[in-house]
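Chemist: Below: one structure in structure tokens.
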Amino acid sequence: MLTKAFIPYKGYYSSPFSKWQGSLANENSIVLGSQTAKSWLETKDIRPDTFDYLILGVTVGQPHMFYGGPWTSALIGAQDIPGVMISQACSTSTTCIFQAATGIETGLYQTAFTLMTDRCSNGPHTIWSNPKGPGGQVVSENWMMDNFNHDPWAKNAMIQTAENVAKESGVTREECDDVALRRYEQYMDSLANDREFQKKYMVPVNIAVSKKKTIQVVADEGVMPTTRQGLENLKPVLPNGAHTFGAQTHPADGNCGLIVTSKEKAADLSQDASRDARIVSYGFSRAKKGFMAMAVVPAAQMALDRAGISIKDVKVIKTHNPFAANDIYLARQMNIDVNSFNNFGSSLIFGHPQAPTAGRLIIEGIEELADKGGGYMLFTGCAAGDTGAALVLKIGA
Numbered sequence: 000m001l002t003k004a005f006i007p008y009k010g011y012y013s014s015p016f017s018k019w020q021g022s023l024a025n026e027n028s029i030v031l032g033s034q035t036a037k038s039w040l041e042t043k044d045i046r047p048d049t050f051d052y053l054i055l056g057v058t059v060g061q062p063h064m065f066y067g068g069p070w071t072s073a074l075i076g077a078q079d080i081p082g083v084m085i086s087q088a089c090s091t092s093t094t095c096i097f098q099a100a101t102g103i104e105t106g107l108y109q110t111a112f113t114l115m116t117d118r119c120s121n122g123p124h125t126i127w128s129n130p131k132g133p134g135g136q137v138v139s140e141n142w143m144m145d146n147f148n149h150d151p152w153a154k155n156a157m158i159q160t161a162e163n164v165a166k167e168s169g170v171t172r173e174e175c176d177d178v179a180l181r182r183y184e185q186y187m188d189s190l191a192n193d194r195e196f197q198k199k200y201m202v203p204v205n206i207a208v209s210k211k212k213t214i215q216v217v218a219d220e221g222v223m224p225t226t227r228q229g230l231e232n233l234k235p236v237l238p239n240g241a242h243t244f245g246a247q248t249h250p251a252d253g254n255c256g257l258i259v260t261s262k263e264k265a266a267d268l269s270q271d272a273s274r275d276a277r278i279v280s281y282g283f284s285r286a287k288k289g290f291m292a293m294a295v296v297p298a299a300q301m302a303l304d305r306a307g308i309s310i311k312d313v314k315v316i317k318t319h320n321p322f323a324a325n326d327i328y329l330a331r332q333m334n335i336d337v338n339s340f341n342n343f344g345s346s347l348i349f350g351h352p353q354a355p356t357a358g359r360l361i362i363e364g365i366e367e368l369a370d371k372g373g374g375y376m377l378f379t380g381c382a383a384g385d386t387g388a389a390l391v392l393k394i395g396a
């Protein structure tokens, strides 16, 4: 259990998430994330020299990624501090926040900034020399498409892992459609009253289209309208499968950032110290080969056990759910109502930029928990390689 690491209330932001090949498709995600973070810090009147360490989370190669953390530190205006880069697929945000928390806990640093950013669009095509290949042909890899479609260890695509779990645990097509519709309805709640909930944490992104033209992305881009009839009319992605394109997430682009610091410094940076969130515990797991959706449960249980609480003590639950089966399996295993969590939406609906995905969900969870008067929040999500990661946070004494 952690006791010393806190996230200041409003000490975080998320950009809108933009659909694959959308408005953010041609931006270097490290540069864009740094620019967005710098602008956000300015609006909050937080000086970059507040931070003595930076953790960059990024999973899709970008130009100059070699310089990762230190480059990002300089771009946000904190040119005198070092930074480190973490890449762990959709567990990236969870791991970045936990690593920042352990640094605070041990006194390694005082105030860390975690910046998670990715661009799934227009991902790199990597080649390696292969002198022994036929005619010296190179070995090549498309970072996004090849890895979404083939796990080199489990030998299957991401969607197949969800179908494996659905088949073994008896999850039906109808259940997946029901969850997809429920998550869309919950997302629509975040748009009520002129996006009142989203505006608690979401900041616009400015894109220079040309020297004379700049566009501003202020809201999520690419969320598909969802109806029961529309879901029923879709064919399964895999033959006889439980998931259609309506019951799985979509690749996206975006970024988010969170401050992690001590209780005292959090109070100084907070808009309301009574709503600061303590990082309580972390959990991790690896499911059996080819069953990624199962990993959310043991990760969540480890985080709960380390926090010394049960699922019944948790007031807000957020999940990274690339497939509807993730939430159905979690609900069954932990004996909770699948319709009762992921209020205000989830990655199933607003997309999946990988590194910032969990970060945005954690931010949303903090806002929801604060509005409910505090208590415990659980985040859990799966990631490539049949892994999972979870965090427990608490607001209030």
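No gaps in the numbering here: position 101 of the sequence shown is 100 in our numbering, and each next residue is one more. Glycine included, C-beta positions come from ideal geometry on N, C-alpha and C.
#1: For residue 276, which residues does DSSP report across the bridge?
#2: Please confirm whether residue 305 and residue 178 have their CB atoms less than 9 Å apart.
#3: So, for residue 313: in the same chain, excluding its five sequence neighbours on each side, which residues have a beta-carbon less than 6 Å away from its beta-carbon?
#4: Can you list, in chain order, the residues of its chain with a C-beta nearer than 6 Å to that of residue 196? Leave out the 5 residues immediately preceding and following it.
#5: What are the start and end residues of each continuous beta strand (DSSP E) run of 3 or more residues lying completely inside the segment 212-258, in chain order?
#6: Could you tell me the boundaries of the beta strand (DSSP E) in which residue 117 lies?
#7: Which runs of the beta strand (DSSP E) fall wholly inside the segment 87-162 and span at least 3 residues, in chain order?
#8: Decide if residue 214 is buried, meaning its Cβ has at least 16 other Cβ atoms within 10 Å, or exposed.
#9: Please return the same chain residues whose Cβ sits closer than 6 Å to the Cβ of residue 285, not counting the five positions on each side in sequence.
#10: CB-CB under 8 Å to residue 245, same chain, minus the five flanking residues each way: which ones, in chain order?
#11: Helix, strand or coil for residue 200? Go by DSSP, reduced to three states.
#12: Quick one: using the 10 Å Cβ neighbour count with 16 as the cut-off for buried, is residue 85 buried or exposed?
#13: Express the C-alpha separation of residue 88 and residue 307 in angstroms, rounding to a whole number.
#14: Can you grab the Cα-Cα spacing for the pair residue 294 / residue 329, in whole Å?
#15: According to DSSP, residue 285 sits in a beta bridge with which residue or residues?
#16: Report the option in 0, 227, 310 and 13 whose CA atom is closest to the CA atom of residue 365.
#17: Using alpha carbons as the reference points, say which of 46, 122, 151 and 150 lies closest to residue 110.
#18: Rounded to whole angstroms, how far is the Cβ of residue 350 from the Cβ of residue 147, which I believe are closer than 8 Å?
#19: When you compare each of 282, 393, 162 and 287 to residue 98 by their alpha carbons, which one comes out closest?
#20: Look at residue 23 and residue 31 and say whether their C-beta atoms are less than 9 Å apart.
#21: Kindly indicate the opening and closing residues of the alpha helix (DSSP H) around residue 315.
#22: Which residues in the same chain have their Cβ closer than 7 Å to the Cβ of residue 353, if we skip the five residues on either side of it in sequence?
#23: Which complete alpha helix (DSSP H) runs does the segment 320-381 hold, if anything under 4 residues is left out?
#24: Keeping to the same chain, check which residues put their C-beta closer than 6 Å to that of residue 301; ignore five residues upstream and five downstream.
#25: Out of 145, 6 and 80, which one is the CA nearest neighbour of residue 271?
#26: Give me whichever residues DSSP pairs with residue 13 in a beta bridge.
#27: Going by CA-CA distance only, name the one from 142, 141, 126 and 143 that's closest to residue 135.
#28: Have a look at residue 138 and residue 153 and give me their C-alpha separation to the nearest angstrom.
#29: Count the other CB atoms, across all protein chains shown, that sit within 10 Å of the CB of residue 319; report buried if there are 16 or more and exposed otherwise.
#30: In this structure, does DSSP put residue 210 in helix, strand or coil?
#31: Using beta-carbon positions only, say whether residue 101 and residue 4 come within less than 9 Å of one another.
#32: Please state whether the Cβ-Cβ distance between residue 269 and residue 18 is less than 9 Å.
Modeler: In this structure, then:
#1: 6 and 394
#2: no
#3: 375 and 377
#4: 189 and 343
#5: Runs found: 213-216.
#6: 110-118
#7: For the segment 87-162, whole beta strand (DSSP E) runs of length 3 or above, ordered along the chain, are 110-118, 124-127 and 138-141.
#8: Exposed is the call here.
#9: Result list for residue 285: 385 and 386, in chain order.
#10: Sequence-distant partners of residue 245 (beyond 5 residues in either direction) whose C-beta falls short of 8 Å from its own C-beta, in its chain, are 176, 179, 223, 225, 229, 230 and 233.
#11: Coil.
#12: It counts as buried.
#13: Their backbone Cα atoms lie some 28 Å apart in a straight line.
#14: 9 Å
#15: 386
#16: 13
#17: Of the candidates 46, 122, 151 and 150, the residue whose Cα lies closest to the Cα of residue 110 is 46.
#18: In fact, because the Cβ distance is near 14 Å, the residues do not count as touching under 8 Å.
#19: 282
#20: yes
#21: Element bounds for residue 315: not the alpha helix (DSSP H) but the beta strand (DSSP E), 313-319.
#22: 58, 59, 88, 89, 91, 117 and 119, listed in sequence order.
#23: Taking only runs of at least 4 residues, the alpha helix (DSSP H) segments lying wholly in the segment 320-381 are 323-333, 346-349 and 356-370.
#24: Shown here for residue 301: same chain residues with a beta carbon closer than 6 Å to its own, the five before and five after excluded, namely 282 in chain order.
#25: Comparing alpha carbon positions, the residue from 145, 6 and 80 closest to residue 271 is 6.
#26: 201 and 255
#27: 126
#28: 21 Å
#29: Residue 319 should be labelled buried.
#30: In the structure shown, residue 210 sits in coil (DSSP, three-state: anything other than H, G, I, E or B).
#31: yes
#32: no
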